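If you read the sequences in order, they're chains W and D.
With the first letter of the first sequence counted as 1, position 157 gets the number 156 in numbering that gives the first Met the number 0; the numbers rise by one all the way through.
With the first letter of the second sequence counted as 1, position 57 gets the number 56 in numbering that gives the first Met the number 0; the numbers rise by one all the way through.
Ideal Cβ positions, reconstructed from N, Cα and C, are used throughout, including at glycine.
Given the structure is predicted, the values throughout are model-derived calculations rather than measurements.
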Amino acid sequence: MRSWNEIVDVIVVGSGAAGVSAAIAAQHGGAEALVLERSDKYGGTSAVSGGVPWIPNNHHMHEVGVSDSRDAALTYLKALSTGGMDMDLAEVYVDEAPGVLRYIEENTELVFRSLKTPDYHPEHPGGTIGRSVSPALFPANELGEMRSQLRPAPCFPIPVTMADMDDGIDLLDPAIVGERLSKGLVGTGMALMAGLIKGAVDKGVQFRRNIRILRLVLEDGTVVGVEGEGPDGPVAIGARRAVILASGGFEWNPELVQENLRGPLEGPLSPPFNEGDGLIMAGEVGARIANSHEAWWMPMFKIPGDEYEGVQLNRLTVGERASPHSIMVNRKGKRFVNEAHNYSDVGRTMQNFDPVAFDHPNLPAYIIVDSDFMERYPFATRFPGDPIPAWLTSASTLQELAAKIEVDANGLEETVARFNIDAEAGRDTEFSRGESVYDRYYGDPTRDGTSKNLGPIARAPFYAARVYCGALGTKGGPKISAKAEVLNVRGGRIPGLYAAGNVSAGFTGMAYPGAGGTLGPGMVFGHIAGREAASSINRF
Amino acid sequence: MPEVEHSTQVTVPIGTVWNFVEDMGNWAPFLTGYQRHEVINRDESIWVVKGELGGLSRTAEFKVHVTEWREPELVTFTMEGIHEPVTGSGEFRAFDLSAGEKPTLVEQTKVPETGNLLSRLWSRLSRWLLRKATKSNENLAIQAANREPINGKTQIIFKLKVNAGGATGPVLNLLLTPMLQPVAEDLANKIAEAVEK
């Protein structure tokens, strides 16, 4: 038998929500679980996220005045399938998710509540609100020494929750923010991960950081351990029962991005450690790889000077697309999408292909706003009344603005003229912006109907910012079974190997069902993986 | 407006301190987060500084205007963010201890003058953040600890006020002060070390 630095029952590679959920379930099931984190901070991509899992038919939905059912949730998922969704796993997900949420609440200090956030296609059959649940603020000091090892969320530097939006909390009120800070509370993804990690530590899960796992160790076709690099050199750790991959996507690996994704990715929004380690390792032991052309897309900004972990920070776009007095245009100055709709599908349209021109006409793209927008709404990091930042291009006419950003000037003027007529009439005749409940949720809350999202671009100066085709993470990797086992490309499973989260093939295919459509499946299939791994017999 | 002061003593005469401080290029790199600066004239310069908050590093440009050069004891300045709604001011003061001057020793963080509730919250938060900041800046804390009071010839005091404006200003100001304290300490201590070499 080979020699190991140490041996545990279950090894979890990655410390995001999928990994820690798996570790909690494994430890709860009687296994000794060890979480290995590549970077010096725990929490993975989940920690920098909004922290909201999408859990259909969850027990909190009555809080926002709705009910759900297995049938409604599956109807909704089927409506988004476009033939690419794994409906068997979708059924497993819908059946397991409510119980996993209850389990997490009962076995950690996390407390969730339903949000009024609509599903990302709320008008599709089965679409509703309340499936997205937000963790309450969490007292991260309870992590003790691990508090400083919790990954910070660069886009949420103050403790906020997505529920604050439902509650109308003024997050610029220093009394509110100050009180939260003084109590050591964290919000969004940091709250989710602080709560999960605390729950895991309380159950006895071990955590180790600065260890990058690079290879799975096979014996007679069974995964029996891992090899990698730690702070003191090579490490080899044996797993008596299983290895669970939860190491995130491959969005920071340029080669894998180029070879796999359906179109250009101009930058990820995740921490820069998701280089496809799990996908590579799984492929090496014969895993069946699926859905690797897909990602959780996000139109994003790059603000010069913003850095996270030593690399350019890529920022979300939300209100800039959804608020009145804004549009998104391509090189020809033409709109190409309902800008206010969900980020993943808006981002996908940035990759549209023109077969005649043989290029991607919507790259690069720009958000165009006028002075009414700038007076009323935040634009990335700039708030109304702040100086105009250098990264915004400004001009006194649309022609001049178009010239500065190298967009077809006549095209832009024609587009704005048509949009303004539609905005005044309250009906977007091109893309129906403002007609979905989803659009309006993110629009101007002080307005009604389509005017939440529509307003003319009329008052100079005008402003433009480049929008990039980004992604929260990729969603392709080893395909898993209903038990979260990694499947073999030749059929059957790879004994001893499980996967969950963005490292695995997302069962939703190209769809993003709602806020938390990545965290929810990650936590649920992580839980299943941990539970199943713990129920395995010891191989040595 | 968040305001911090830090004081330390050096064993060299006040004239030596002045000769060092008079040239910004001598001490500019000592400023935490310093990237570069461009001297426009004796009184005006542009500074590029990188700050960190919640894991996010952000580079910002400031226009610094020296409002008084009073050799050998005082330099005062104002600062203004070029693209950020941030203003501030500061001073570098030197006291000739050999002349028998008895400056007030300062090393404090001042609470901004706001409402009672806010002040209490700010005070609690400030203490908590200060502990956090000093823990996360262990090197700075060690440097500060290494500079025990001595019977020096000159006392130097660095004072800095920074005010974030705009809609996010009040919240940012909550976060700024405990971060400024190590900056002031670090700058004053490094200048002290440099002039004593």
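Local Cβ density within 10 Å of residue i, reported as buried at 16 or more and exposed below that
i        : result
D/Ala5   : In the sequence on display, residue 5 of chain D carries His and not Ala. Buried, by the Cβ-count rule.
W/Asp8   : buried
W/Lys333 : buried
D/Pro169 : buried
W/Phe137 : buried
W/Thr316 : buried
W/Glu5   : exposed
D/Glu67  : exposed
W/Phe300 : buried
W/His61  : exposed
D/Glu184 : buried
W/Thr396 : exposed
D/Gln8   : buried
W/Ile456 : buried
D/Glu112 : A caution first: D/Glu112 carries a pLDDT of 42, below 50, which makes its placement in the model too unreliable to give a value.
W/Phe357 : exposed
W/Asp427 : buried
W/Ala424 : exposed
W/Phe524 : buried
W/Gly18  : buried
W/Ser113 : buried
D/Asn115 : At D/Asn115 the pLDDT is 43, less than 50, meaning the model places this residue with poor confidence and gives no usable figure here.
Minimum C-alpha distance to residue i - residue among the options
i        : options                                : result
W/Arg439 : W/Asp219, W/Glu338, W/Leu400, W/Gly508 : W/Glu338
W/Asn57  : W/Asp305, W/Ser48, W/Gly50, W/Asp67    : W/Asp67
W/Lys331 : W/Pro55, W/Gly410, W/Gly476            : W/Gly410
W/Glu283 : W/Asp169, W/Leu213, W/Ala16            : W/Leu213
W/Ile536 : W/Leu73, W/Gly29, W/Gly13, W/Gly500    : W/Gly29
W/Leu278 : W/Gly495, W/Ala78, W/Lys474            : W/Lys474
W/Pro520 : W/Met327, W/Val93, W/Gly64, W/Ala71    : W/Val93
W/Gly442 : W/Arg375, W/Phe206, W/Ala464           : W/Arg375
W/Gly237 : W/Val216, W/Ala245, W/Pro253           : W/Val216
W/Ile128 : W/Leu88, W/Asp163, W/Tyr75, W/Asp344   : W/Tyr75
D/Leu96  : D/Thr66, D/Asn188, D/Gln180, D/Val16   : D/Val16
W/Ser343 : W/Pro267, W/Glu178, W/Leu486           : W/Pro267
W/Pro117 : W/Leu109, W/Gly126, W/Phe111, W/Val110 : W/Gly126
W/Trp390 : W/His359, W/Gly232, W/Arg465           : W/Arg465
D/Phe157 : D/Asn188, D/Lys49, D/Val63             : D/Asn188
W/Lys115 : W/Val436, W/Asn273, W/Thr107           : W/Val436
W/Ala245 : W/Met522, W/Arg179, W/Val12            : W/Val12
W/Asn313 : W/Gly275, W/Pro121, W/Pro270           : W/Pro270
D/His82  : D/Gly14, D/Ala163, D/Phe76, D/Arg69    : D/Ala163
W/Pro124 : W/Tyr365, W/Ala533, W/Lys77            : W/Lys77
D/Gln154 : D/Pro28, D/Pro71, D/Gly89              : D/Pro71
W/Ala394 : W/Ala408, W/Arg381, W/Ala22, W/Asp385  : W/Ala408
W/Trp296 : W/Arg37, W/Glu265, W/Ala21, W/Gly275   : W/Glu265
Residues that residue i contacts on chain D, provided the C-beta gap is smaller than 7 Å
i        : result
W/Phe382 : Gly165, Ala166, Thr167
W/Leu312 : Leu55
W/Leu149 : In chain order: nothing, as chain D lies at least about 10 Å away.
W/Leu100 : Ordered by position in chain D, no residue passes the 7 Å Cβ test against W/Leu100, which lies about 28 Å from the chain.
Under 7 Å by beta carbon: chain W residues contacting residue i
i       : result
D/His82 : Pro386, Pro388, Ala389
Per DSSP, the bridge partner or partners of residue i
i        : result
W/Val242 : W/Ile10, W/Leu496
D/Arg69  : D/Leu73
D/Phe91  : D/Val74, D/Phe157
D/Asn162 : D/Thr86
W/Arg432 : Bridge partners of W/Arg432: none, in fact.
W/Cys468 : W/Pro298
W/Asn487 : W/Ala286
W/Arg150 : Note: W/Arg150 sits in no beta bridge, so no partner.
W/Ala394 : W/Phe461
Within chain W, the residues that residue i reaches when beta carbons sit closer than 8 Å
i       : result
D/Ser88 : Result: empty, since nearest Cβ-Cβ is about 19 Å, beyond 8 Å.
D/Leu52 : Pro156
Chain-ordered chain D contacts of residue i [CB-CB under 8 Å]
i        : result
W/Leu152 : As written in the sequence, residue 152 of chain W is Ala, which differs from the Leu given in the question. Per Cβ cutoff of 8 Å: Gly53, Gly54.
W/Leu171 : Ala166, Thr167, Pro169, Val170
| query | Relative to chain D, which residues along the stretch 173 to 186 of chain W have a C-beta separation below 8 Å, given in chain order? | reply | Pro173, Ala174, Val176, Gly177, Glu178, Leu180, Ser181, Gly183
| request: Scan the stretch 299 to 310 of chain W for residues whose Cβ lies nearer than 9 Å to a Cβ of chain D and list them as they occur along the chain. | output: Ile302, Pro303, Gly304, Asp305, Glu306, Tyr307, Glu308, Gly309
| Quick one, which residues of the stretch 32 to 61 of chain D are near chain W if we go by CB-CB under 8 Å, in chain order? | Lys49, Leu52, Gly53, Gly54, Leu55, Ser56, Arg57, Thr58, Ala59
| query | Looking at chain W, which residues of the stretch 171 to 185 of chain D have a Cβ within less than 8 Å of any of its Cβ atoms? | reply | Asn172, Leu173, Leu174
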